[in-house]
Amino acid sequence: MVQFSLWDIFTFLLGALRWTAALSLIAFIGGGLAGMGLLMLRFTKLRGVGTAVAWYVQIFQGTPLLMQLFLVYFGLALLGMDASPLVAAAICLTLYASAYLTEIWRGCVNAIPKGQWEASTSLALTYPQQMRYVILPQALRVGIAPTVGFLVQIIKGTALASVIGFVELTKAGQMISNATYQPFLAYTFVGLLYFALCFPLSWWSQRLENRRLA
Amino acid sequence: MIEFNFVTVLEQWPMLLRGLGLTVTLTAISAVLGALLGTACAWARLHGGSVLKRVVGAYVELVRNTPFIIQLFFIFFGLPSLGLRLSVEVACVLAMVFNLGAYACEIVRAGLQTTPRGQLEAAMSLALTPWQTFSRVVLPPALARIWPALVSQIIIVMLGSAVCGQISAEELSQAANLISSRTFRSFESYIIVTAIYLLLAIALRQLLYWVGPRFIFSSR
């Protein structure tokens, strides 16, 4: 039987951590771009568009991420695409992140006083101009702390990609646990690695929030 | 053309119903225990000794910065090697309670901290004991203030319980897994179960918004 040293386990998990980080970044960037688009749609005066976005958000916030992953995974297969677990997880987490980020940023835009909208309307700015030059720059200052906080939620969300067979940190932990018969050790290590990734972000988010309120 | 066959899946309704039952039970137990744990931790973080404050703070940060699935695996697969063997359902409840407890701690703490000073002074001048002050004067309005956030967190934990199927707890998402492998109608199974989760989330929010003001922080 092959023996694994603690160092072997640690380096294996560290390798898998890269995939957790990569998947998180894809979801965060993709979700950020899509979320920004949805945010623009959320505040248009077009009838029905804002409501549609609200439902999109409600569906993603009201269902388990695990079920969303399964749906995307089997849905892509149904469409005839032979999607790898990475592609399915990346698409699903991007959609998930876009819904949450839209909702977070909507709160920030709502925090902008109504007078700003009225003033920019009276200056004959078009809706995209209003957003670009007046509303979003102010909303950004409110939004940065919760956005960083949400990054933590994405990182934790990528753990579920293990369930559809993508080898990231959680899956690697399961493999180590099965190979060494030391689940306690494996999951402690994995937990600590997640903590090492997430805690600095949580701390940073908290600090940004405190500084904004101060 | 893609053909859907929802009937085959819906014919397995007893399984869906059993799964729904377990999801609701797990959520109900862990919502009550988790909220209590969270309130106790919030009290400890504000009024406890310095050691207690640190311990609770470490617990909160550890839970909030690791994925739920790892917490669940740690409890179910990891703890037996320390001699603590738990049944699937107990492991799920424990994981959910500890998870909700940490988030609820921060939510309730935010509510407690915004208590106006005058309220405390008034309670003191009425010679209320510290326990009376906390349970009668500080806590009910604090809960009323943070109720929406706490309800959202309970819903997040309910949705998170889908992960419990991974240690083969026969809750709703596991019902989807079983039906999917039994009928080969994966997409339809997950669509139906996802819809049930969505309805459950909406219903749970309405229920808690109704229960809260009447029974938990009633103004009488």
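Read top to bottom, the protein sequences are chains B and Z.
So in our numbering, spot 127 of the first sequence is number 127, and the numbers just go up one at a time.
Each number in our numbering corresponds to the 1-based position in the second sequence with 214 added.
Quick reminder that beta carbons are idealized off the backbone N, C-alpha and C, glycines included.
Note that the structure is a prediction, hence the values are computed from the model and not measured.
Cβ closer than 9 Å: which chain Z residues qualify as neighbours of B:T188? F288, G292
Please give the ranges of any alpha helix (DSSP H) in the region 49-124 of chain B, keeping only runs that are unbroken, at least 4 residues long and fully inside the region. 49-61, 65-78, 85-110, 114-122
Members of the region 298-329 of chain Z that neighbour chain B once the beta carbon cut-off is set at 7 Å: none
8 Å contact criterion, which B:F199 and Z:E275 should meet: CB distance rounded: 6 Å
Simplified DSSP state of B:T126, which is helix, strand or coil: coil
Pair every Cβ in the region 305-312 of chain Z with every Cβ in the region 334-343 of chain Z, then say whether three or more of these pairs are closer than 8 Å. no
Chain Z contact residues for B:F184, given Cβ-Cβ distances below 9 Å: Residues of chain Z passing the Cβ test: F288, F291, G292, L293, P294, S295, L296.
Cross-chain neighbours of B:L66 in chain Z, by beta carbon under 7 Å: In chain order: A376, V377, S387.
Which chain Z residues sit within Cβ distance under 7 Å of B:A159? P281, I283, I284
Residue range of the alpha helix (DSSP H) that includes B:M131: First-last for B:M131: undefined, no H or E at that position.
For a contact meaning CB atoms closer than 7 Å, what does Z:S400 contact in chain B? Ordered by position in chain B, the residues that pass the 7 Å Cβ test against Z:S400 are F74.
With 8 Å as the threshold, decide whether the Cβ of Z:Y451 is near any Cβ in chain B. No answer is possible for residue 451 of chain Z: it lies beyond the span of chain Z, which begins at 215 and ends at 434.
Output yes or no for whether 8 Å exceeds the beta carbon distance between Z:S403 and Z:V223. yes
Anything in chain Z within Cβ reach of B:I59, meaning under 9 Å, just list it in chain order. T408, L412
C-beta neighbour in chain B for Z:Q471, strict 8 Å: As shown, chain Z starts at 215 and ends at 434. That puts residue 471 of chain Z outside it, with no answer to give.
Between B:V167 and Z:V365, what straight-line distance do the alpha-carbon atoms span, to the nearest angstrom? 34 Å
Looking at the structure shown, is Z:V238 part of a helix, part of a strand, or coil, going by DSSP? helix
Nearest chain B C-beta to Z:L236 closer than 8 Å, yes or no? no
Should Z:E384 be flagged as near chain B, meaning a C-beta pair shorter than 8 Å? no
Return helix, strand or coil for Z:S339, following the three-state DSSP convention. helix
Contact check, B:P85 vs B:A161, beta carbons under 8 Å: Cβ atoms of B:P85 and B:A161: closer than 8 Å.
Between the region 376-389 of chain Z and the region 226-246 of chain Z, do at least 3 Cβ pairs fall closer than 8 Å? yes
Taking the beta carbon of Z:R323 as the centre, do at least 16 other beta carbons fall within 10 Å, making it buried, or is it exposed? It counts as buried.
Give the interface partners of Z:L373 over in chain B, defined as CB-CB distance under 8 Å, in chain order. G62, T63, P64, L65
Since B:L78 meets chain Z, which of its residues come closer than 7 Å, beta carbon to beta carbon? Neighbours of B:L78 on chain Z, chain order: I216, F401.
Closer than 8 Å to chain Z by CB, B:F70: yes
Chain Z contacts made by the region 164-176 of chain B, where a contact means CB separation under 9 Å: L169, T170, G173, Q174
Please confirm if B:F199 has its CB atom under 8 Å from at least one CB of chain Z. Interface residue, yes.
Please name the residue in Z:R359, Z:I406, Z:A356, Z:P362 whose C-alpha comes closest to that of Z:V221. Z:I406
Taking 8 Å as the CB-CB cut-off, is Z:N219 touching chain C? Among the protein chains in the structure shown, which are B and Z, there is no chain C.
Taking just the CA atoms, how far does Z:R259 sit from Z:I360? Cα to Cα, the separation comes out at about 17 Å.
Boundaries (first-last residue) of the alpha helix (DSSP H) holding Z:Q380: Taken as a continuous stretch (DSSP letters only), Z:Q380 belongs to no alpha helix (DSSP H), as it is neither H nor E.
Chain B residues whose Cβ lies nearer than 7 Å to that of Z:P276: Here the sequence assigns Leu to residue 276 of chain Z, which means Pro is not the residue at that position. By Cβ distance, chain B contributes F195.
Does the beta-carbon distance from Z:I284 to B:T20 come in below 8 Å? No.
Please work out which residues of its chain come closer than 7 Å, Cβ to Cβ, to Z:A316, disregarding the five sequence neighbours upstream and downstream, and give them in chain order. For Z:A316, where only same-chain residues beyond five positions count, the Cβ hits under 7 Å are Y273, V274, V277, R278.
On a CA-only basis, which of Z:K267, Z:V302, Z:L414 is nearest Z:E384? Give me that one, please. Z:V302
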